[in-house]
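Here's the structure, in structure tokens; my notes come after.
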Ligand code: NAD
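What follows is the structure, given as structure tokens:
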């Protein structure tokens with residue numbers, strides 16, 4: 001298994017491989033870049049088919065976190081961890097505790113949050129042995145409701161704000177009244193986004209593989225149900241993919257009728273050049289890692305004991321970041337995803353964070 005010559009290796013600052021035979025824990029932590037601050041990112045547990053697959057994932061995802069946090073102007077770097085194993089079969093309290101001990105040994109350069117295969121309660125178990133876990137404090141969320149650390153309300157709000165910015169740029173209107181929006185995936189983020197849009201007077205079409213999720217949006221928000229194969233190609237103004245990645249690809253892009261794409265799902269483009277394909281068709285794409293940063297912003301405020309109001313105001317700056325990306329894209333004729341990457345690089349390559357003090361500021365008192 002190559003590391004330094006791995007195709008996904010991008011001058012990552014630190015990689016650690018951890019094995020605890022007693023609990024069966026096998027984990028990799030990747031710290032991509034800490035020029036803005038300690039690396040914060042999810043801890044994923046997945047039954048990877050090989051160590052190579054796990055390494056690829058952690059290298060790729062940690063890099064993505066550097067870009068997301070820098071674009072959101074957070075004093076955070078990018079990192080990620082993966083535990084190799086099936087969360088339904090191999091996740092035990094002892095394994096999670098061993099992970100917590102390992103994370104503690106990294107001294108705060110990496111802070112773990114929940115991700116697929118781990119939950120807030122798992123992170124709390126890791127937190128018995130380390131302060132370097134995030135997204136587990138019960139407090140008032142940005143919507144003014146009690147929040148157990150779940151970032152979805154902030155992600156949904158940020159996506160809503162970003163969608164508004166994209167509509168303003170592309171359709172030259174501040175109002176969402178009567179706007180036609182199709183949402184793919186009515187889960188934690190998708191339903192909340194749908195609620196914001198319904199409150200603003202938008203007309204909604206929804207699809208989810210789970211009938212009950214779709215029915216809830218139909219019953220509670222007046223959304224219209226759509227078919228799986230139609231949801232991304234309906235004659236609407238905006239499509240908001242909030243389920244899974246790679247849905248913008250060679251088969252969907254030629255069929256899209258909406259002129260704006262603004263959704264929360266990660267890695268929406270199947271290939272980087274699909275960004276150009278969207279621009280060629282005159283479709284405005286709000287880059288996923290810019291529009292879905294609300295969750296990481298909110299986790300940052302949790303860690304620094306910032307108020308819900310401050311977190312909300314910061315989430316609202318997603319509109320400014322997107323406006324800047326759209327403007328630069330128009331001026332240069334280059335696609336929005338490329339511009340978003342460049343803007344993020346400007347922000348983390350030039351930034352000098354107070355790295356020595358940040359781990360303490362971000363460390364949660366256990
Ligand atoms: P979720 O699991 O709560 O919701 C996803 C929904 O998509 C589920 O209701 C699921 O049934 C549905 N779904 C799955 N496959 C589908 C398909 N083929 N077609 C239609 N619907 C399908 O997850 P979430 O927290 O709402 O996150 C949604 C997306 O946003 C994910 O891609 C996630 O990585 C991304 N994201 C989430 C957050 C967050 O704070 N939760 C932050 C950043 C990015």
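Numbering (our numbering), first residue to last: 1 to 366. Quick reminder that beta carbons are idealized off the backbone N, C-alpha and C, glycines included. Given the structure is predicted, the values throughout are model-derived calculations rather than measurements.
**Message:** Any heavy atom of the ligand FMN closer than 8 Å to the beta-carbon of residue 151?
**Reply:** No copy of the ligand FMN occurs in the structure displayed; its ligands are the ligand NAD alone.
**Message:** Quick check for students: name the residue ranges of the alpha helix (DSSP H) that lie wholly in the region 70 to 125, counting only runs of 4 or more.
**Reply:** Qualifying alpha helix (DSSP H) stretches, in chain order: 87 to 90, 93 to 105.
**Asked** Under 8 Å from any heavy atom of the ligand NAD, does the C-beta of residue 244 make it?
**Response** Residue 244: yes, Cβ under 8 Å from the ligand NAD.
**Asked** For residue 30, which residues from the same chain have a beta carbon less than 7 Å from its beta carbon, with the 5 sequence-adjacent residues on both sides left out?
**Response** Correct list, in chain order: 12, 15, 58, 59, 62, 79, 80.
**Item:** Neighbour flag for residue 159 against chain B, beta carbons, 9 Å
**Value:** The structure shown contains no chain B; it holds only a single protein chain.
**Request:** Measure the beta-carbon distance from residue 340 to residue 290 and round it to whole angstroms, keeping in mind my assumption that it falls under 8 Å.
**Result:** So it is a contact: roughly 5 Å between Cβ atoms.
**Message:** Can you find the residues in the same chain that come closer than 7 Å, C-beta to C-beta, to residue 142, ignoring five residues on each side of it along the sequence?
**Reply:** Answer for residue 142: 153, 154, 157, 298, 308, 311, 312, 315, listed in chain order.
**Message:** I believe residue 167 touches residue 260 by the beta-carbon criterion, under 8 Å. Please report the beta-carbon distance rounded to the nearest angstrom.
**Reply:** 6 Å between Cβ atoms; contact.
**Prompt:** Thinking C-alpha only, which one of 197, 300, 328 is nearest residue 70?
**Reply:** Scanning 197, 300, 328 for the CA closest to the CA of residue 70 turns up 300.
**Prompt:** From this set, 329, 243, 170, which residue's C-alpha is nearest residue 276's C-alpha?
**Reply:** The alpha carbon of residue 276 has as its nearest neighbour, out of 329, 243, 170, the alpha carbon of 329.
**Message:** Can you find the residues in the same chain that come closer than 7 Å, C-beta to C-beta, to residue 9, ignoring five residues on each side of it along the sequence?
**Reply:** Correct list, in chain order: 3, 59.
**Asked** Is the region 216 to 226 close to the region 241 to 248, with three or more CB pairs under 8 Å?
**Response** Contact between the region 216 to 226 and the region 241 to 248 is absent: fewer than 3 CB-CB pairs across the two stretches fall below 8 Å.
**Message:** Output needed for residue 83: all residues of its chain with C-beta closer than 6 Å, excluding positions within five of it in sequence on either side, in chain order.
**Reply:** Hits under 6 Å: 27, 45.
**Prompt:** Would the beta-carbon of residue 35 fall within 9 Å of that of residue 326?
**Reply:** In this structure, residue 35 lies away from residue 326, with their beta-carbon atoms at least 9 Å apart.
**Asked** At what residue ranges does the region 168 to 245 contain a whole run of the beta strand (DSSP E), taking only runs of 3 or more?
**Response** Taking only runs of at least 3 residues, the beta strand (DSSP E) segments lying wholly in the region 168 to 245 are 180 to 184, 203 to 207, 238 to 241.
**Request:** Give the straight-line distance between the Cα atoms of residue 72 and residue 343, rounded to the nearest whole angstrom.
**Result:** The alpha-carbon atoms of residue 72 and residue 343 are separated by roughly 10 Å.
**Request:** Using only alpha-carbon positions, find the residue among 133, 320, 186 that is nearest to residue 38.
**Result:** Here the closest residue by C-alpha is 133.
**Item:** Proximity to residue 173 [Cα-Cα], best of 64, 193, 202, 104
**Value:** Of the listed residues, the one whose Cα sits closest to residue 173 is 202.
**Neighbour-count burial assignment, residue 114, 16 or more Cβ in a 10 Å radius** = Looking at its Cβ environment, which holds 16 or more other Cβ atoms inside 10 Å, residue 114 is buried.
**Message:** Is it buried or exposed, residue 365, if we count other Cβ atoms within 10 angstroms and call 16 or more buried?
**Reply:** Bear in mind that a pLDDT of 34 at residue 365, under 50, signals an unreliable position, so the number given afterwards is only what the model happens to contain. Exposed, by the Cβ-count rule.
**Item:** As assigned by DSSP and simplified to three states, the class of residue 285
**Value:** In the structure shown, residue 285 sits in a strand (DSSP, three-state: E or B).
**Prompt:** Roughly how many angstroms lie between the CA atoms of residue 5 and residue 147, to the nearest whole one?
**Reply:** Answer to the nearest angstrom: the Cα atoms are 42 Å apart.
**Asked** Hey, quick one: how far does the alpha helix (DSSP H) through residue 314 stretch, first residue to last?
**Response** Taken as a continuous stretch (DSSP letters only), the alpha helix (DSSP H) holding residue 314 covers 308 to 316.
**Message:** Please state whether the Cβ-Cβ distance between residue 74 and residue 296 is less than 9 Å.
**Reply:** Yes, the Cβ-Cβ distance between residue 74 and residue 296 is below 9 Å.
**Asked** Would the beta-carbon of residue 159 fall within 9 Å of that of residue 189?
**Response** Contact check for residue 159 against residue 189 passes: the beta carbons are separated by less than 9 Å.
**Request:** Go through its chain and collect everything with a Cβ distance to residue 270's Cβ below 7 Å, but skip five positions before and after it.
**Result:** Within the same chain, 246, 248, 249 come within 7 Å of residue 270 by CB-CB distance, once the 5 residues on both sides are set aside.
**Item:** Rounded straight-line distance, which links the Cα of residue 48 to that of residue 65
**Value:** Computed Cα separation, rounded: 21 Å.
**Asked** Relative to the ligand NAD, is the shortest distance from any of its heavy atoms to the C-beta of residue 196 smaller than 8 Å?
**Response** If you check the C-beta of residue 196 against the ligand NAD, you find no heavy atom less than 8 Å away.
**Message:** Could you compute how far the alpha carbon of residue 336 sits from the alpha carbon of residue 255?
**Reply:** Inter-residue distance for residue 336 and residue 255 is about 20 Å (C-alpha atoms, whole angstroms).
**Message:** Rounding to the nearest angstrom, what Cα-Cα distance links residue 317 and residue 182 in this structure?
**Reply:** One C-alpha to the other measures close to 24 Å.
**Prompt:** For the putative contact between residue 206 and residue 227, defined by C-beta atoms under 8 Å, what is the C-beta separation to the nearest angstrom?
**Reply:** 11 Å between Cβ atoms; not a contact.
**Item:** Three-pair Cβ contact test at 8 Å for the region 124 to 132 versus the region 102 to 109
**Value:** The count of Cβ pairs closer than 8 Å, one atom from the region 124 to 132 and one from the region 102 to 109, reaches three, so the stretches are in contact.
**Request:** Confirm the yes/no value for this check: CB of residue 223, any heavy atom of the ligand NAD, distance under 8 Å.
**Result:** Set against 8 Å, the gap from the CB of residue 223 to the closest heavy atom of the ligand NAD is not smaller.
**Request:** Following the continuous alpha helix (DSSP H) through residue 344, name the residue where it begins and the one where it ends.
**Result:** First-last of the alpha helix (DSSP H) with residue 344: 336 to 350.
**Asked** With distances taken between CB atoms, is the gap from residue 123 to residue 286 smaller than 9 Å?
**Response** No Cβ-Cβ contact shorter than 9 Å links residue 123 with residue 286.
**Request:** Can you give me the start and stop residues for the alpha helix (DSSP H) that residue 133 sits inside?
**Result:** Premise fails: residue 133 is in no alpha helix (DSSP H) and is neither H nor E.
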